[in-house]
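*Asks:* Right, I'll just put the structure down here and ask away after.
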Amino acid sequence: MRTLTNVFFFNLTIGDFMVNCICIPTTLFFYIYRDWIFGETLCRLTPFFQSTAVSVSVLSMLSISVNRYFAIHIPLRAKILFSRNRVHVMLASIWGISLGAFSPMLYINKVTTYGLPDIFTVRACHEVWTIAELKHGYNLIIFLLLFLLPLTVMSALYLKISMALWSKNRQLFSNARKQACMSTPVDRLLLQRRKTVRTLVLLVVLFAGSWFPYYVVYFWLEFNSRSLYVSVVNTFVYPLAQLVGLSNSSINPILYCFLSNGFRRALLNMCCRRSKRTRNGLVMTVRYRCSDDSGVGSVETVLS
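Residue numbers (UniProt numbering): 1 to 304.
Listed below in structure tokens is the structure:
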């Protein structure tokens, strides 16, 4: 996991792992059997992990987009701004913000029992707020700051990146021409970067398309609690929207492995733990190539 983009991909994978192992099984079981059997602890942890994973994904993709922007528009500063120590701080900040922002989920989610005792009872896991206005304000702020705003920034950055990469003006890559390895043509570098941006944009579009319907349905239920359609939406539409959002965490690992040769190689190396001799040879190979994450341009990109 040497390149910066690989590091953030691995960060995304951790969030996806939490969703796939905990959130999807428990949520799917509840919607099928309409009874929460997993107890109070998982009732608090499941929504907490789901929200945290979404936030980690958004902030990680935002960090990647900022890095791509600097690597293409201001390549000399990219290596300084995204040094190893600063990347570690960014990763810690991503998890700190995500865990802190959704820590209230550990307290407001509770198991409630409905029905007639000793005859028929159904348990449900849901949020219990003492003040409705506080719930609306909290959820709206979270949506704006940790979903809508980052996606807007990413859209603007990738638009600028795309305009630069597909522009006929090669002056944007004159710096890369001078500093890239002598055997690396700028044309090949340009094609590699275009492929990288296409893949990253695909990840962002799939993420936004998966989770945006969930937020639309969620806020509709929040502000239309007296509507005649609440029961239908809450029973059929909301579960479908949530499962579509959660499915993004199942799609992402496939995209990482099949669209990112660099991430696939790094993941296999980490899991299989190749011999020391092989690792040393790999390090020597990397040292004699310019890293695209450093901002100076190379064909040795993470998404080759």
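A virtual CB, placed ideally from N, CA and C, is assigned to each residue, including glycine.
Could you check if residue 140 is buried or exposed, using at least 16 other CB atoms within 10 Å of its CB as the buried criterion?
*Replies:* By one-based count along the sequence shown, residue 140 stands at place 140. So residue 140 ends up on the exposed side.
*Asks:* Which class does residue 168 belong to by DSSP, given the choice of helix, strand or coil?
*Replies:* Walking along the sequence shown from the start, residue 168 turns up at place 168. Residue confidence for residue 168 is low, a pLDDT of 46 falling below 50, so the modelled location carries little weight; the figure read from the coordinates is stated next. Reduced to three states, the DSSP call for residue 168 is coil.
*Asks:* I'd like the list of long-range same chain contacts for residue 47, defined as Cβ closer than 6 angstroms, with 5 residues on each side in sequence excluded.
*Replies:* Locating residue 47 in the sequence shown gives position 47, counting from the first residue. Excluding positions up to five away in sequence, the list reads 105 and 109.
*Asks:* Sort 144, 37, 91 and 74 by Cα distance to residue 6 and report the nearest one.
*Replies:* As a position in the sequence shown, residue 6 is number 6, starting the count at 1. Ranking 144, 37, 91 and 74 by Cα distance to residue 6 puts 91 first.
*Asks:* Should residue 11 and residue 55 be called a contact, given that it needs their Cβ atoms to be closer than 8 angstroms?
*Replies:* One-based indexing of the sequence shown puts residue 11 at position 11. One-based indexing of the sequence shown puts residue 55 at position 55. No, they are not a contact pair.
*Asks:* Tell me whether the beta-carbon of residue 165 lies closer than 8 angstroms to the beta-carbon of residue 193.
*Replies:* Stepping through the sequence shown from its first residue, residue 165 is reached at position 165. Stepping through the sequence shown from its first residue, residue 193 is reached at position 193. A contact, by the Cβ cut-off of 8 angstroms.
*Asks:* Taking Cβ to Cβ, would you say residue 250 is nearer than 8 angstroms to residue 85?
*Replies:* The residue given as residue 250 occupies position 250 in the sequence shown. The residue given as residue 85 occupies position 85 in the sequence shown. No, the pair does not count as a contact, with Cβ atoms beyond the cut-off.
*Asks:* By the three-class DSSP mapping on this structure, what secondary structure does residue 122 have?
*Replies:* Locating residue 122 in the sequence shown gives position 122, where the first residue counts as 1. Residue 122 falls in the strand class under three-state DSSP.
*Asks:* Would you decide whether residue 70 is buried or exposed? Buried here means 16 or more other CB atoms lie within 10 Å of its CB.
*Replies:* Locating residue 70 in the sequence shown gives position 70, counting from the first residue. Per the 10 Å Cβ criterion, buried.
*Asks:* Determine the DSSP secondary structure at residue 229, reduced to helix, strand or coil.
*Replies:* Taking the sequence shown and counting its residues from 1, one reaches residue 229 at position 229. Of the three classes helix, strand and coil, the one that applies to residue 229 here is coil, per DSSP.
*Asks:* Check residue 5 in the structure and name its three-state DSSP category.
*Replies:* On the sequence shown, position 5 is the one that residue 5 refers to. It is helical.
*Asks:* Classify residue 16: buried if its beta carbon has 16 or more other beta carbons within 10 angstroms, exposed otherwise.
*Replies:* Here the question's residue 16 lines up with position 16 in the sequence shown. Residue 16 is buried by the Cβ-count criterion.
*Asks:* Relative to the C-alpha of residue 13, which residue among 30, 53 and 35 is closest?
*Replies:* Stepping through the sequence shown from its first residue, residue 13 is reached at position 13. Comparing Cα-Cα distances from residue 13 to each of 30, 53 and 35, the minimum goes to 53.
*Asks:* Whether or not the region 73–82 and the region 125–136 are in contact is what I'm after, with contact meaning three or more pairs of Cβ atoms, one per stretch, closer than 8 angstroms; do they touch?
*Replies:* As far as the Cβ criterion goes, the region 125–136 does not touch the region 73–82, which means the pair count is below three.
*Asks:* In angstroms, rounded to a whole number, what distance separates the CA positions of residue 66 and residue 18?
*Replies:* In the sequence shown, counting from the first residue as 1, residue 66 sits at position 66. In the sequence shown, counting from the first residue as 1, residue 18 sits at position 18. Answer to the nearest angstrom: the Cα atoms are 25 angstroms apart.
*Asks:* If residue 27 sits next to residue 246, beta carbons under 8 angstroms apart, how far is it from one beta carbon to the other, in whole angstroms?
*Replies:* Start at 1 with the first residue of the sequence shown, and residue 27 comes out as number 27. Start at 1 with the first residue of the sequence shown, and residue 246 comes out as number 246. That pair is a contact at about 7 angstroms.
*Asks:* When the cut-off is 8 angstroms and only beta carbons count, does residue 136 lie next to chain D?
*Replies:* Here there is only one protein chain, and chain D is not present.
*Asks:* What residue does the alpha helix (DSSP H) around residue 335 start on, and which one ends it?
*Replies:* The structure shown does not extend to residue 335, since the chain is modelled only from 1 to 304, so the question has no answer here.
*Asks:* Compute the Euclidean distance between the alpha carbons of residue 144 and residue 81, then round it to the nearest angstrom.
*Replies:* Sequence index remark: in the sequence shown, residue 144 carries index 144 (1-based). Sequence index remark: in the sequence shown, residue 81 carries index 81 (1-based). Cα-Cα distance, rounded: 26 angstroms.
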